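Reviewing the structure listed below.
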Amino acid sequence: MSEPTIDWAAQQQASLQRSIAGGGKPGLARMEQLAGKSGREILEAMMSGELPYPPMNETMNMTLLEVDNGRAVFQGIPLPQHYNPLGTVHGGWFSTLLDSALGCAVQTTLPAGRSYTTAELSINIVRPASHKTGPLRAVATLIHGGRQIATAEARIEDEAGKLYAHATTTCFVFKVPTT
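Residue numbers are given in the UniProt record's numbering: position 88 of the sequence shown equals residue 88, and the series is strictly consecutive.
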């Protein structure tokens, strides 16, 4: 007996609707909203709508679908506004989807009062995409989570498991300034 297939586009829409139903909207969280929350708790609060989600998610037509310790899943559906002059999805769209998943995989492991920023991002796009490609999913996992440096890897695949891009990152981990 085969597993039931999940409609990825419907799953992305349901995730966004769940956030909106919880009061979520694009914006920036205030420091007092983040205080005392671990990195994973912050991401879960964005997914539930308790905290705003990044405005860039709307621009890039992407959504955070899942988080677990050392793991994050983003999904995006490329649209014609994401095209380069040659008529395929711009490399920056792939980079943004990958960087978001990679950073959030790191963030899921951070205690309250710690944050990160991308120090290095290396991507390989192995196949072009268009609006006809449909949903593409970036799954990222932590490789190393140190006190000051964290590394992670990710892959972008379609619903059939076809690889479109893969990446690694190095993130600088730091104490959140209190002033």
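Beta carbons are placed, not taken as given, at the ideal position from N, Cα and C, and that holds for glycine.
None of the values given here were measured: they were computed from a predicted structure.
May I have the straight-line CA-CA distance separating residue i from residue j, to the nearest angstrom?
{"i": "Pro-135", "j": "Lys-175", "result": "35 Å"}
{"i": "Thr-141", "j": "His-131", "result": "27 Å"}
{"i": "Glu-44", "j": "Phe-172", "result": "22 Å"}
{"i": "Leu-16", "j": "Glu-50", "result": "13 Å"}
{"i": "Thr-108", "j": "Tyr-83", "result": "31 Å"}
{"i": "Leu-102", "j": "Glu-32", "result": "25 Å"}
{"i": "Asn-69", "j": "Trp-8", "result": "22 Å"}
{"i": "Ala-105", "j": "Pro-85", "result": "32 Å"}
{"i": "Gln-81", "j": "Ser-100", "result": "19 Å"}
{"i": "Ala-160", "j": "Thr-178", "result": "46 Å"}
{"i": "Ala-21", "j": "Ala-14", "result": "10 Å"}
{"i": "Gly-92", "j": "Val-139", "result": "17 Å"}
{"i": "Leu-30", "j": "Val-67", "result": "Position check: residue 30 holds Arg in this sequence, whereas Leu was assumed. Using only the alpha carbons, I get a separation of about 22 Å."}
{"i": "Leu-34", "j": "Ala-10", "result": "30 Å"}
With the cut-off set at 9 Å, would you say residue i and residue j are in Cβ contact?
{"i": "Ser-48", "j": "Ser-19", "result": "yes"}
{"i": "Glu-58", "j": "Ala-112", "result": "no"}
{"i": "Arg-137", "j": "Leu-79", "result": "no"}
{"i": "Ala-129", "j": "Thr-96", "result": "no"}
{"i": "Ile-143", "j": "Thr-168", "result": "yes"}
What do you get for residue i, buried or exposed, if any count of 16 or more other CB atoms within 10 angstroms of its CB means buried?
{"i": "Met-46", "result": "buried"}
{"i": "Ile-6", "result": "exposed"}
{"i": "Met-60", "result": "buried"}
{"i": "Gln-75", "result": "buried"}
{"i": "Ala-72", "result": "buried"}
{"i": "Gln-12", "result": "buried"}
{"i": "Thr-63", "result": "buried"}
{"i": "Gly-145", "result": "buried"}
{"i": "Leu-163", "result": "exposed"}
{"i": "His-110", "result": "His is not the amino acid found at residue 110; the sequence shown has Leu there. Per the 10 Å Cβ criterion, buried."}
If I measure Cβ to Cβ from residue i and keep anything under 7 Å in the same chain, skipping five residues before and after, which residues do I get?
{"i": "Ser-2", "result": "Bear in mind that a pLDDT of 48 at Ser-2, under 50, signals an unreliable position, so the model cannot answer this."}
{"i": "Ala-165", "result": "Phe-94, Leu-98, Ile-123, Asn-124, Ile-125, Val-126 and Ile-156"}
What residues in its chain sit with their C-beta under 8 Å from that of residue i, if we drop five residues either side in the sequence?
{"i": "Pro-26", "result": "Pro-52, Tyr-53, Pro-54, Pro-55, Asn-57 and Glu-58"}
{"i": "Arg-114", "result": "Gly-39, Val-173, Phe-174, Lys-175 and Val-176"}
{"i": "Gln-148", "result": "Phe-172, Val-173 and Phe-174"}
What residues in its chain sit with their C-beta under 6 Å from that of residue i, if we drop five residues either side in the sequence?
{"i": "Thr-170", "result": "Ala-119, Glu-120 and Thr-151"}
{"i": "Ile-77", "result": "Asn-61 and Pro-135"}
{"i": "Gly-36", "result": "Ala-112"}
{"i": "Gly-23", "result": "Gly-49"}
| Sufficient close CB pairs (3 or more, under 8 Å) joining the region 150-162 to the region 117-134 | The answer is yes - the region 117-134 touches the region 150-162, with three or more Cβ pairs under 8 Å.
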